[in-house]
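Chemist:
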Amino acid sequence: MELQPDAFATVSESLESLEKPVVLAMIDPIRYQDAVVGLLRYFTSKVSRGIYVSLNKPYAVLAKSFEKSGISANSLFFVDGITNVSGVQEDSDHACLGSSVDLSSLCIATSKAVSRFPEDKFLVLDSLSTLLIYNESKVVAKFAHLFTEKMRRWGTSGILLTVDMNAERDVVSQLAPFCDKVVKL
Amino acid sequence: MSSRTKESIPLSVLDCVLYGAAKAVEYLGPRGERLLCKVGDGILDYCIKAGYIQPSGDMRQTLGLITNFFIENGYASGFDFKDDGGQATLTFRDWRYLSLMKKLYGEQCQLLACPLCVAELAVFRANGLDMQGISERILTDGTVVRSARLTPLTNPDQVVLVPSSTDMSNVKASWTPADRMGLPAFEAVEYGLVQGFDYLGAQAQRLLDNVGAGIIKFLQDEFRISFPDDPSKTIDNLASFFAANELADEIKSQMSPSDVRIFFKKYRYASVLRRLLDEGISLVSCPFTLAVRASLRQRGLLIGGVQWKFVGGQDVSLNMSLLRVAEQQFDEANVASLMEL
Chain E
6 MELQPDAFAT VSESLESLEK PVVLAMIDPI RYQDAVVGLL RYFTSKVSRG
56 IYVSLNKPYA VLAKSFEKSG ISANSLFFVD GITNVSGVQE DSDHACLGSS
106 VDLSSLCIAT SKAVSRFPED KFLVLDSLST LLIYNESKVV AKFAHLFTEK
156 MRRWGTSGIL LTVDMNAERD VVSQLAPFCD KVVKL
Chain V
61 MSSRTKESIP LSVLDCVLYG AAKAVEYLGP RGERLLCKVG DGILDYCIKA
111 GYIQPSGDMR QTLGLITNFF IENGYASGFD FKDDGGQATL TFRDWRYLSL
161 MKKLYGEQCQ LLACPLCVAE LAVFRANGLD MQGISERILT DGTVVRSARL
211 TPLTNPDQVV LVPSSTDMSN VKASWTPADR MGLPAFEAVE YGLVQGFDYL
261 GAQAQRLLDN VGAGIIKFLQ DEFRISFPDD PSKTIDNLAS FFAANELADE
311 IKSQMSPSDV RIFFKKYRYA SVLRRLLDEG ISLVSCPFTL AVRASLRQRG
361 LLIGGVQWKF VGGQDVSLNM SLLRVAEQQF DEANVASLME L
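Protein chains in written order, with my numbering: chain E, 6 to 190; chain V, 61 to 401.
(1) On the DSSP bridge list, what partners appear for residue 174/E?
(2) Could you tell me whether the Cβ atoms of residue 58/E and residue 131/E are closer together than 8 Å?
(3) Among 207/V, 336/V, 333/V, which one has its Cα closest to the Cα of residue 147/V?
(4) Taking Cβ positions only, does residue 270/V come closer than 8 Å to chain E?
(5) So who's on the other strand from residue 347/V, going by DSSP bridges?
(6) Would you call the segment 74–83 of chain V and the segment 155–164 of chain V touching, i.e. three or more CB-CB distances under 8 Å?
(7) With a threshold of 8 Å between beta carbons, is residue 10/E in contact with chain V?
(8) Along chain V, in chain order, which residues have C-beta atoms closer than 7 Å to that of residue 151/E?
(9) Which residues in chain E have a C-beta closer than 9 Å to the C-beta of residue 217/V? List them in chain order.
(10) With DSSP collapsed to three states, give me the class of residue 85/E.
(11) Taking beta-carbon pairs under 8 Å, can you tell me which members of the segment 88–114 of chain E lie near chain V?
(12) Spell out the partners DSSP gives residue 319/V in its beta bridges.
(13) Can you give the Cα-Cα distance for residue 216/V and residue 335/V, rounded to whole angstroms?
(14) Between residue 260/V and residue 129/E, is the Cβ-Cβ spacing less than 8 Å?
(15) From what residue to what residue does the alpha helix (DSSP H) around residue 186/E run?
(16) Using 10 angstroms around the beta-carbon of residue 244/V, count the other beta-carbons present and answer buried if the total reaches 16, otherwise exposed.
(17) Opposite residue 99/E in the DSSP bridges: which residues?
(18) For the structure I just gave you, are there three or more beta carbon pairs, one from the segment 224–234 of chain V and one from the segment 181–189 of chain E, closer than 8 Å?
(19) Is residue 327/V helix, strand or coil by DSSP?
(20) Counting C-beta neighbours from all protein chains within 10 Å, is the total for residue 181/E 16 or more, i.e. buried, or is it exposed?
(21) Residues in the same chain with beta-carbon distance under 6 Å from residue 9/E, minus the five sequence neighbours each way, listed in chain order, please.
(22) Given a limit of 7 Å on CB to CB distance, which residues of the segment 113–137 of chain E reach chain V?
(23) Rank 74/E, 183/E, 104/E, 61/E by C-alpha distance to the C-alpha of residue 150/E and give the top, closest one.
(24) Just to confirm, is the Cβ distance from residue 402/V to residue 383/V under 8 Å?
(25) The alpha helix (DSSP H) that contains residue 291/V, what's its start and end?
(26) To the nearest angstrom, how far is it from the Cα of residue 6/E to the Cα of residue 214/V?
(27) Got a sec, what are the start and stop residues for the alpha helix (DSSP H) residue 46/E sits in?
(28) If you draw a straight line from the alpha carbon of residue 159/E to that of residue 153/E, how long is it in whole angstroms?
(29) Excluding five sequence neighbours on each side, which residues of the same chain lie with their C-beta closer than 8 Å to the C-beta of residue 34/E?
(30) By DSSP's criteria, residue 168/E is part of a beta bridge. Which residues make up the other side?
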């Protein structure tokens, strides 16, 4: 937890002047958890509702770990694309789509989650790196491009997370022009 | 429980993984050592869970136990640690890491992937101490003496590696089936690799797949394994190599347009696999499987679902579904219209 304030400070400094920013966060693998918490701390301090699209860890695990870090999981709705479920399962705080969800279904489920909450909100996609395990970089870039476009249309701020790795640079360079800021954490 | 009586495995099977791990985190510069240190955390965890070492709050005792584990497994014949007022001297006799170290240094990679060292570094860090490399020399009998400074761990991100001036001209850099080590040490590293990166969630597989790319390079450089354009031939070549190097008594593969099926007879990764699956971890660190994944990716094929099945004792079958990159489509316009609120 020792790096949390640094991540929060970096995010605050980088994004303070931007209104409803769409951000590409390239995160050093060593500090991934702390950086995500720092980002969430920043966005939850600005906007009361967040939609967290997780392809990385089950929503129950994330909710617990965010609570432990002082972030109220009640302020988040999880779109979960990793928990193994037989069919789509929805509740007040999450929608589980199953672990082999395709990109189109993920997009539709996210837009559905956005439409559930009329208030101001932010969106987190965790992460592009996970998508790159199962998808070609061009396809991931297209998907992420659509995400950024939709965030602007919906008037939400948002963060696309990626682990800072050499193999991810291709997607990052394709996406950077569509984001307000690329933040290295 | 002593690990001395267990089976052994050729060093090449371990070293290809260590090489892959070092190359996968090399892009981080000296800080890559921090990720390798997480593998060290996983090695310790495995040794405790498997009953090879007892958990202890005493740092020196833990260091002694983990050192003893690697010595029992033939990774060195002796290891001394002297702490003289914050200046540490580490002496390795018959250190099995030397060949790999020579290869990595030769490629200007100063990261230390020695499993004994990363496990010890993990112990130091868990106790609020850091070890910063100062110098290293190799005596004529092959004994390696490393000097390091023990300092309080003030900045966990900071890593100081030994400067790259070590004369390694007398070190052999080749691997034969006679170069062996205890299977428990291999298992500890394999488990450590997964456990160390598991905090990243599913995307850790991406990092492990980069380890796979490093394994391929190691096998090409050191064993001249060929990777033909036909992916099934590549898998056959990898299966032959890893079976000859005792990862399993036999590795049979069958590839169709939709999947790859592998059968491992007396699979030496089986106990690690069982433990990982029991813990709900689906990441893979088996060197053969990582190399297969990486080679398929290089040929425009991605792995979708992965299914492991124990078919008795250490016999395991693996089914990996294939996704063809060229056939992947994402109809941006159509999906965009479906996303309208």
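C-beta: ideal position from N, C-alpha, C; glycine also.
Remember, it's a predicted structure, so these values are computed and weren't measured experimentally.
Modeler: For this structure:
(1) Within the first sequence, the letter at position 169 stands for residue 174/E. Paired residues: none, contrary to the question.
(2) Indexing the first sequence from 1 puts residue 58/E at position 53. Indexing the first sequence from 1 puts residue 131/E at position 126. Contact flag set, yes.
(3) Start at 1 with the first residue of the second sequence, and residue 147/V comes out as number 87. Closest by alpha carbon: 207/V.
(4) As a first step, residue 270/V must be located in the second sequence, where it is residue number 210. Cβ-Cβ to chain E under 8 Å: yes for residue 270/V.
(5) On the second sequence, residue 347/V is found 287 positions in, with the first residue counted as 1. Looking at the DSSP assignment, residue 347/V forms no beta bridge with any residue, so it has no partner.
(6) yes
(7) Mapped onto the first sequence, residue 10/E falls at position 5. For residue 10/E, the pLDDT reaches just 49, beneath the cut-off of 50, and the residue's location in the model is therefore unreliable, leaving the point undetermined.
(8) By 1-based counting over the first sequence, the position of residue 151/E is 146. Chain V residues near residue 151/E: 392, 395, 396.
(9) The residue labelled residue 217/V in the question sits at position 157 within the second sequence. Result: 8, 33, 35, 36.
(10) One-based indexing of the first sequence puts residue 85/E at position 80. Residue 85/E: strand per DSSP, three-state reduction.
(11) 105, 108, 109, 112, 113
(12) For the purposes of this step, residue 319/V is taken as residue 259 along the second sequence, with counting starting at 1. According to DSSP, residue 319/V bridges with 381/V.
(13) The sequence position of residue 216/V within the second sequence is 156, counting from 1. The sequence position of residue 335/V within the second sequence is 275, counting from 1. Cα to Cα, residue 216/V sits roughly 30 Å from residue 335/V.
(14) Within the second sequence, residue 260/V is the residue found at index 200, counting from 1. Within the first sequence, residue 129/E is the residue found at index 124, counting from 1. No, they are not a contact pair.
(15) If you number the first sequence from 1, residue 186/E lands on position 181. Taken as a continuous stretch (DSSP letters only), residue 186/E belongs to no alpha helix (DSSP H), being part of the beta strand (DSSP E) at 186–189.
(16) Position 184 of the second sequence, counting from 1, holds the residue named residue 244/V. Its Cβ being crowded by 16 or more others within 10 Å, residue 244/V is buried.
(17) As a working mapping, residue 99/E is identified with position 94 in the first sequence. According to DSSP, residue 99/E bridges with 83/E.
(18) no
(19) As a position in the second sequence, residue 327/V is number 267, starting the count at 1. Residue state, collapsed to three classes: coil.
(20) Indexing the first sequence from 1 puts residue 181/E at position 176. Label assigned to residue 181/E: exposed.
(21) What you label residue 9/E is simply residue 4 of the first sequence in a count that begins at 1. Only weak support exists for where residue 9/E lies, its pLDDT of 42 falling under 50; the coordinates are left without a value.
(22) 113, 116, 119, 120, 132, 134, 135, 137
(23) On the first sequence, position 145 is the one that residue 150/E refers to. When each option's Cα is compared against that of residue 150/E, the closest is 183/E.
(24) This structure does not reach residue 402/V, given that chain V is present from 61 up to 401, and the question cannot be answered.
(25) In the second sequence, the residue the question calls residue 291/V occupies position 231. Segment 291–304, the alpha helix (DSSP H) holding residue 291/V.
(26) On the first sequence, residue 6/E is found 1 positions in, with the first residue counted as 1. On the second sequence, residue 214/V is found 154 positions in, with the first residue counted as 1. The pLDDT assigned to residue 6/E is 36, lower than 50, so where the model puts this residue is not dependable, and the model offers no usable value.
(27) For the purposes of this step, residue 46/E is taken as residue 41 along the first sequence, with counting starting at 1. First-last of the alpha helix (DSSP H) with residue 46/E: 37–51.
(28) What you label residue 159/E is simply residue 154 of the first sequence in a count that begins at 1. What you label residue 153/E is simply residue 148 of the first sequence in a count that begins at 1. The straight-line gap from Cα to Cα measures roughly 10 Å.
(29) The count along the first sequence starts at 1 and reaches residue 34/E at position 29. 168, 169, 170, listed in sequence order.
(30) On the first sequence, position 163 is the one that residue 168/E refers to. DSSP, once it has assigned bridges, lists 32/E as partnering residue 168/E.
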